[in-house]
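Note that full-length UniProt numbering has the sequence shown beginning at 1, numbered continuously upward.
Virtual Cβ for every residue (Gly too), placed ideally from N, Cα, C.
Small disclaimer: the values here were computed from a predicted structure and weren't measured.
Everything below concerns the one structure shown next.
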Amino acid sequence: MNQYILQNIRAFEMTGVMMRIISFTLVSWLGPESPFLFVWIFNTADAILLSWCSVLKKDKAYTLLNVFWIAVGVIGIWRASS
């Protein structure tokens, strides 16, 4: 799986970035009417994808940033589901 991702890393990274843009755009447009649980799950999924890519690329700063977003996402999912 890692080899496949490395061979297509630009596509995977672009997918993750587009997912993040979509989730923040949704919150910006809908405000308090946003489906926050969905947004948090979607945002956490893109953070996992981007973290995986950054680990494979051995990019420590990008890995730290996206692992941070995973932690924020888990907290957001927990709070949105309560």
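Here the C-alpha atom of SER51 lies approximately 14 Å from the C-alpha atom of PHE42.
Comparing C-alpha distances from MET14 to each of VAL27, LEU49, ASN2 shows the shortest one belongs to LEU49. Comparing alpha-carbon positions, the option among ILE21, MET19, LYS58, ALA45 lying closest to GLY76 turns out to be ALA45. Counting only residues of its own chain and dropping the five nearest sequence neighbours on each side, LEU6 has a CB closer than 6 Å to the CB of LEU56.
Counting along the chain, the unbroken alpha helix (DSSP H) around GLY76 starts and ends at 60 to 81.
Look at the beta carbons and you see the region 23 to 38 not touching the region 60 to 68: under three pairs across the two are nearer than 8 Å. In the DSSP annotation of this structure, the continuous segment of the alpha helix (DSSP H) that includes GLU13 starts and ends at 9 to 30. In the displayed model, SER34 falls within coil according to three-state DSSP, outside both helix and strand.
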